[in-house]
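K.L.:
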Amino acid sequence: MVGIIGGGAAGIMAAITAAKMGEKVVIFEKNEKTCKKVYITGKGRCNLTNVAEGERFFANVISNPRFMMSSNNAFSCVDVMNFFRDECNVPLKVEHGGRVFPVSDKSADITDALRGALAKYKVKVYLNFPVEKIERDEKGRFDVIGPNKVTVDKLIIATGGITYPLTGSTGDGYKFAKDFGHSIINPVAGLIGIKCNSPSDLAGLSLKNVKVSACLGEKKLFEEFGEMLFTHTGVSGPCVLTLSSKINRKNLPELSIKIDLKPALEESVLDARLLREFSTNPNKSIVNVMFALMPKSLASVVVEKAEIPLEKAVNSITKTERQRLVKTMKNLTFSIKGLEDIKGAIITAGGVSVKEVNPKTMESRIIKNLYFAGEVLDVDALTGGFNLQIAFSTGYVAGLSASEGGNYV
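Written out as structure tokens, the structure is:
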């Protein structure tokens, strides 16, 4: 019998795959229902995968992309789509950036499909079953101990990370893995807002078509183009979420966020634009003239950062001041304080060291018949359906490998 700890995307795909191979399968789920985190993904629409394949897929995997090569080839985005569309009768659509969603835009269609497949293949699901510990008997089997004891021949740990703890992801899998001698790469937040010293007056302001960089002094470490959002504690939005996953293991107080508010314009062109605005409105205050170029709250911040009095008339602005203004618009800088609370992160970066897991089978290199799948592993990716794809593909391989009839090597 195959036992699986965790009734999320990875655990359920592992269960379905093993059951299809004729295995008796049981899932141990600590919550009152399965798929709690799947239900909230994609803002409740469930971005279940991405059509990016090959190098395009791996370019979006932040931690250990090479580890994912075998499992993603074994169960690719095409296989995920075929499973939901053909086996579960869920119509799908592809949106901007290759993101795949159910046509209904309802994550319930995906969670219902997964639960329906569990029932179809007669997978036994123990709900409200928090696993307290795992022991091995004299035959090498696993005693899964919670409200009662269940013994299984092979065990797959698919407990997720430590983000969104209300969905059941509380780091249990790390403890179980450590008990079996596995190393844990320190879990940190991935795809999360960045705390910085931006003024609270900017909270709620959204910007499009900007370039956001994470910098160490004057050196740009990473750079993203697109949308961002100011929050009460710093910055967020698509650009920032991506940056957070790239800097989450660096000494954050040494870094700064730099925003190019006009990335399409060179400094000389932007300077010429300012001169035109100044000549049209020579008697207006500098802050009022800047309202034509950006939102009011942002204009005030930019002018102050350029060390120009807000009410100074543009006809008295010096060339040096104007140049400072241009540079500020191209390099609006805020010092980084840290990341937002990991509990609110979209994904956990870190987890079970992939050096101790066979990438072709997801089996532990330390304990025979022990497998890992999904977010509990030290593998994470950017937004766009890539993290659920990782869960499905590693779950598939773990389930197949744990099956007596499985022949994936």
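Heads up: the sequence shown begins at 784 in my numbering, then just goes up one per residue.
Glycine included, every Cβ here is placed at the ideal spot set by N, Cα and C.
All values reported here derive from a predicted model rather than from experimental measurement.
By how many angstroms is the C-alpha of SER983 removed from the C-alpha of THR1063?
P.N.:
Along the sequence shown, read from residue 1 onward, the residue named residue 1063 stands at position 280. Along the sequence shown, read from residue 1 onward, the residue named residue 983 stands at position 200. Answer to the nearest angstrom: the Cα atoms are 32 Å apart.
K.L.:
Quick check on DSSP: helix, strand or coil for ARG919?
P.N.:
Along the sequence shown, read from residue 1 onward, the residue named residue 919 stands at position 136. In the structure shown, ARG919 sits in a strand (DSSP, three-state: E or B).
K.L.:
Which residues does DSSP list as the beta-bridge partners of SER1019?
P.N.:
The residue labelled residue 1019 in the question sits at position 236 within the sequence shown. According to DSSP, SER1019 bridges with LEU1012.
K.L.:
Under a Cβ-count criterion, where at least 16 other Cβ atoms within 10 Å of its own Cβ denotes burial, should THR800 be classed as buried or exposed?
P.N.:
Taking the sequence shown and counting its residues from 1, one reaches residue 800 at position 17. Answer is buried; the Cβ neighbour count reaches 16.
K.L.:
Starting from PHE840, follow the alpha helix (DSSP H) in both directions and report where the run begins and ends.
P.N.:
Along the sequence shown, one-based indexing puts residue 840 at 57. 838-841 is the span of the alpha helix (DSSP H), which, as asked, contains PHE840.
K.L.:
What is the residue span of the beta strand (DSSP E) that ARG882 lies within?
P.N.:
Residue mapping note: residue 882 aligns to position 99 of the sequence shown, counting from 1. Note, ARG882: beta strand (DSSP E), 882-885.
K.L.:
How many angstroms separate the CA atom of ILE1150 from the CA atom of PHE963?
P.N.:
Along the sequence shown, read from residue 1 onward, the residue named residue 1150 stands at position 367. Along the sequence shown, read from residue 1 onward, the residue named residue 963 stands at position 180. If you take the alpha carbons of ILE1150 and PHE963, they lie about 7 Å apart.
K.L.:
With SER952 and ASP1163 assumed to form a contact (beta carbons below 8 Å), what rounded beta-carbon distance in angstroms separates them?
P.N.:
For the purposes of this step, residue 952 is taken as residue 169 along the sequence shown, with counting starting at 1. For the purposes of this step, residue 1163 is taken as residue 380 along the sequence shown, with counting starting at 1. Going by Cβ atoms, the distance from SER952 to ASP1163 rounds to 13 Å, so no, they are not a contact pair.
K.L.:
Considering only their Cβ atoms, is the gap separating THR817 from ARG882 smaller than 8 Å?
P.N.:
Taking the sequence shown and counting its residues from 1, one reaches residue 882 at position 99. Taking the sequence shown and counting its residues from 1, one reaches residue 817 at position 34. Contact flag unset, no.
K.L.:
Quick check on the burial criterion: 16 or more other C-beta atoms within 10 angstroms. Buried or exposed for ASP1124?
P.N.:
Within the sequence shown, numbered from 1, the residue matching residue 1124 stands at position 341. By the 10 Å Cβ count, ASP1124 comes out exposed.
K.L.:
How about ALA793 and TYR904: do their beta carbons lie closer than 8 Å?
P.N.:
Against the sequence shown, residue 793 aligns to sequence position 10. Against the sequence shown, residue 904 aligns to sequence position 121. No, they are not a contact pair.
K.L.:
Are ILE787 and VAL914 touching if we call contact CB-CB under 8 Å?
P.N.:
As a first step, residue 787 must be located in the sequence shown, where it is residue number 4. As a first step, residue 914 must be located in the sequence shown, where it is residue number 131. Contact flag unset, no.
K.L.:
For the alpha helix (DSSP H) that ASN856 lies in, which residues bound it at each end?
P.N.:
As a working mapping, residue 856 is identified with position 73 in the sequence shown. Segment 852-857, the alpha helix (DSSP H) holding ASN856.
K.L.:
Under a three-way DSSP split, which group does SER1068 fall into?
P.N.:
Indexing the sequence shown from 1 puts residue 1068 at position 285. Note: SER1068 maps to strand in three-state DSSP.
K.L.:
So, using beta-carbon positions, are TYR909 and LYS1126 closer together than 8 Å?
P.N.:
Locating residue 909 in the sequence shown gives position 126, counting from the first residue. Locating residue 1126 in the sequence shown gives position 343, counting from the first residue. The answer is no: Cβ separation not under 8 Å.
K.L.:
DSSP on LYS816, reduced to helix/strand/coil?
P.N.:
For the purposes of this step, residue 816 is taken as residue 33 along the sequence shown, with counting starting at 1. Reduced to three states, the DSSP call for LYS816 is coil.
K.L.:
Tell me which same chain residues have a C-beta within less than 6 Å of the C-beta of LEU990, skipping the five on either side of it?
P.N.:
Here residue 990 is taken as the residue at index 207 of the sequence shown, counted from 1. Closer than 6 Å at the Cβ level, and outside the excluded window around LEU990, lie MET1011.
K.L.:
Jot down the residue ranges of each uninterrupted alpha helix (DSSP H) in the region 929-983, minimum 4 residues, whole runs only, in chain order.
P.N.:
As far as the region 929-983 is concerned, its whole alpha helix (DSSP H) runs of at least 4 residues are 955-962.
K.L.:
Can you tell me which of LEU1093, GLY1017 and ASN1114 puts its alpha carbon nearest to the alpha carbon of LYS994?
P.N.:
Position 211 of the sequence shown, counted from the start, is the residue given in the question as residue 994. Nearest option by C-alpha distance: ASN1114.
K.L.:
Going by alpha carbons, who is nearest to GLN1172 out of GLY1000, ILE810 and PHE866?
P.N.:
As a position in the sequence shown, residue 1172 is number 389, starting the count at 1. When each option's Cα is compared against that of GLN1172, the closest is PHE866.
K.L.:
Taking the runs of the alpha helix (DSSP H) that are 4 residues or longer, which of them lie wholly in the region 1034-1114?
P.N.:
Within the region 1034-1114, the complete alpha helix (DSSP H) runs of at least 4 residues are 1050-1063, 1069-1073, 1079-1088 and 1102-1113.
K.L.:
Can you tell which of THR1116, THR832, LEU938 and ARG1105 has the C-alpha that lies nearest to the C-alpha of ASN980?
P.N.:
Here residue 980 refers to the residue found at position 197 when the sequence shown is read from its first residue. Minimum Cα distance to ASN980 is reached at THR1116.
K.L.:
In this structure, how does DSSP classify LEU1004 when only helix, strand and coil are distinguished?
P.N.:
Within the sequence shown, residue 1004 is the residue found at index 221, counting from 1. Note: LEU1004 maps to strand in three-state DSSP.
K.L.:
Check the C-beta distance from ALA945 over to THR1131 and give it rounded, since I have them as a contact under 8 Å.
P.N.:
Position 162 of the sequence shown holds residue 945. Position 348 of the sequence shown holds residue 1131. Correcting the residue identity first, residue 945 is Ile in this sequence and not Ala. Indeed they touch by this definition, with Cβ atoms about 5 Å apart.
K.L.:
Exposed or buried, PHE1008, counting other C-beta atoms within 10 Å across all chains shown (16 or more means buried)?
P.N.:
By one-based count along the sequence shown, residue 1008 stands at place 225. Burial call: exposed.
K.L.:
What's the gap between the Cα of ARG849 and the Cα of VAL1086?
P.N.:
By 1-based counting over the sequence shown, the position of residue 849 is 66. By 1-based counting over the sequence shown, the position of residue 1086 is 303. Going by the C-alpha atoms only, they are around 47 Å apart.
K.L.:
How about LYS819 and THR1016: are their beta carbons less than 8 Å apart?
P.N.:
Mapped onto the sequence shown, residue 819 falls at position 36. Mapped onto the sequence shown, residue 1016 falls at position 233. No, the Cβ-Cβ distance between LYS819 and THR1016 is not below 8 Å.
K.L.:
Do you know offhand how far LEU1076's Cα is from PHE1175's?
P.N.:
Residue mapping note: residue 1076 aligns to position 293 of the sequence shown, counting from 1. Residue mapping note: residue 1175 aligns to position 392 of the sequence shown, counting from 1. Roughly 46 Å separates the two Cα atoms.
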